[in-house]
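Numbering (the working numbering), first residue to last: 7 to 384.
Backbone N, C-alpha and C define an ideal beta-carbon position, used for all residues, glycine too.
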Amino acid sequence: MKPQKVIVLGATGTIGRRTLDVLKQLQQSDPTWDCVGLACGSRVDRILEDAKKHWPAAKVASVIDDDRADFCGSDAALHLVEACASTETIVVSAIVGAAGLRPTLRAIELGASVALANKETLVCAGHLVQQALKSSPGTLWPVDSEHAAIAQCLRGIRSDQIKSIVLTASGGPFRDTPLSDLREVTPQQALNHPVWDMGPRITIASATMANKALELIEAHHLFAVNDQRLEAIIHPTSLVHGMVHLCDGTTLLQMCTPDMAGPIRWALTAGEHDAAVAPTLNPLELTSLEFTPVDTERFPFVGLGFEVIRKGGGAGCVLNAADEVCVQAFLDGRLPYLDVYHFVAEAVDRFGHHDPSTLTDILELDIAVREDVANRIP
Ligand code: NAD
Ligand code: MG
């Protein structure tokens with residue numbers, strides 16, 4: 007494991023803060039680990055304080071104007087990456103939403119390795135990411151727990167040996183809620199995730215399972231499998247994060263106590279499993295491991311995720327942009343819970359045939375979908 011210079015994009019978020027915890031642990035055992043860049047949307051105070059104390063070399067970027075930051079404005083994270091990323095750095099991509107796309111792609115182009123939490127980058131621009139990786143010395147490490155788990159299962163496995171890849175899902179707060187009650191669901195109820203502590207967008211997307219749709223698309227790009235070789239199943243305790251069925255009837259699965267420090271440290275250390283990050287599971291205490299199929303009436307987003315994979319082109323970008331707008335509208339009390347799916351599915355119908363090839367085309371489609379969906383929300 008080569009100690010790294012780390013850039014954290016989305017440093018004030020749930021993943022960003024957990025990353026800085028992990029980095030402090032790494033630095034304790036090897037002081038050559040350092041953070042050289044921190045980017046956030048707002049609340050720059052948080053990172054300035056941390057930077058002064060722990061990371062004096064770090065440049066700071068903030069979307070909100072602040073004289074104490076080195077870069078400000080909507081492109082601040084991109085400018086930070088351009089100033090600080092190189093083949094010597096690993097960029098933790100943990101901005102939420104399509105806003106993470108440009109800085110993440112730029113980091114790959116500059117030859118940095120990327121620890122990718124921002125699944126939206128792959129959902130919106132999977133083909134550009136794969137293209138950029140071909141000419142980069144850097145590696146893309148998935149931080150999404152399911153994808154990190156599957157990447158761990160896939161070590162030493164060839165693509166033609168994979169029968170199918172299974173993503174697990176906790177089912178979120180409404181796994182067992184009577185369907186007739188879903189109409190009245192409030193943001194507060196939807197923000198109360200039973201297993202994971204996450205930012206608001208992904209928490210709501212976990213309740214609707216739009217997040218699993220995004221993750222299926224993410225897996226499609228990461229592991230080069232089509233919809234026929236992908237599955238999602240409900241696993242309420244989130245101990246098994248991913249499974250791979252091989253052609254010969256072998257199933258590999260990865261288990262771990264749910265804590266994002268595990269995949270973050272694994273990604274930062276280029277695949278090491280060398281330190282106690284989570285408690286070791288005791289199989290004697292696992293009385294049962296429950297798996298159930300996804301109820302497609304309750305979670306129509308999962309079917310939409312498969313449809314988007316089949317459509318290809320810009321459909322992932324459309325699904326993501328529409329979901330970002332609808333989640334915000336739901337959180338603001340402007341859109342009922344069940345309408346989040348309806349508006350997103352409608353956007354995929356209306357815009358899903360677009361086939362953007364360049365980054366500019368993708369960003370234009372993203373904006374067009376956001377405007378259209380925002381105008382349709384009453
Ligand atoms: P969060 O809302 O807690 O944090 C988002 C971060 O992005 C904040 O630091 C915010 O300031 C920053 N940000 C937002 N817009 C920005 C912009 N335009 N420029 C720069 N920074 C900006 O979200 P999170 O839960 O940490 O999730 C981050 C990403 O990681 C998402 O893509 C999510 O899907 C993914 N992810 C999260 C988890 C989790 O457990 N939280 C697990 C897997 C994947
Ligand atoms: Mg996940």
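Original post:
For the candidate residues Pro-109, Val-149, Asn-217, Ser-68, whose alpha-carbon lies nearest to that of Tyr-347?
Top reply: Asn-217
Original post:
Ala-123 and Leu-107 look like a contact to me (Cβ under 8 Å); what is the Cβ gap, rounded to whole Å?
Top reply: The pair is not a contact, with the Cβ atoms about 13 Å apart (cut-off 8 Å).
Original post:
Who are the near neighbours of Ala-83 in its chain, counting only those whose CB is closer than 7 Å to its CB and skipping five residues on each side?
Top reply: Leu-15, Ala-45, Ala-67, Ile-101, Pro-109
Subject >> Start-to-end residues for the alpha helix (DSSP H) that takes in Leu-84 >> reply: 82 to 90
**OP:** State the Cα-Cα distance for the pair Gln-33 and Gly-268, rounded to the nearest angstrom.
**Re:** 16 Å
Original post:
Asp-76 to His-85, Cα distance in whole Å?
Top reply: 9 Å
Original post:
When we look at the beta-carbon of Phe-297 and count the other beta-carbons within 10 Å, is it buried (16 or more) or exposed?
Top reply: exposed
Subject >> the segment 349 to 358 in contact with the segment 325 to 333 per 3-pair CB rule at 8 Å >> reply: yes
Original post:
CB of His-199 to nearest heavy atom of the ligand MG: below 8 Å?
Top reply: Checking every heavy atom of the ligand MG against the Cβ of His-199, none is found closer than 8 Å.
Original post:
Based on the DSSP secondary-structure assignment, which residues constitute the bridge partners of His-227?
Top reply: Answer by DSSP bridge pairing: none, since His-227 is not bridged.
**OP:** Measure the Cβ-Cβ separation of Thr-209 and Leu-197 and say whether it is below 9 Å.
**Re:** Contact flag set, yes.
Original post:
Can the beta-carbon of Glu-330 be found closer than 9 Å to that of Arg-376?
Top reply: yes
Subject >> Limits of the beta strand (DSSP E) - the one that Val-191 falls within >> reply: Careful: Val-191 lies outside any beta strand (DSSP E) and carries neither H nor E.
Subject >> Same chain, Cβ closer than 8 Å to Leu-292, five either side skipped, listed in chain order >> reply: Only Leu-245 meet the Cβ criterion.
Subject >> 8 Å Cβ shell around Ala-225 - same chain, five flanking residues per side excluded >> reply: Leaving aside the five residues that flank Ala-225 on each side, the residues in its chain whose CB is nearer than 8 Å to its CB run, in chain order, Glu-152, His-153, Ile-156, Ile-171, Leu-173, Val-231, Leu-236.
Original post:
Near Leu-139, which residues of its chain fall below 7 Å by C-beta distance, leaving aside the five closest residues on each side in sequence?
Top reply: Ile-114, Leu-146
Original post:
Can you tell which of Cys-41, Gly-319, Gln-167, Gln-10 has its C-alpha closest to the C-alpha of Thr-93?
Top reply: Gln-10
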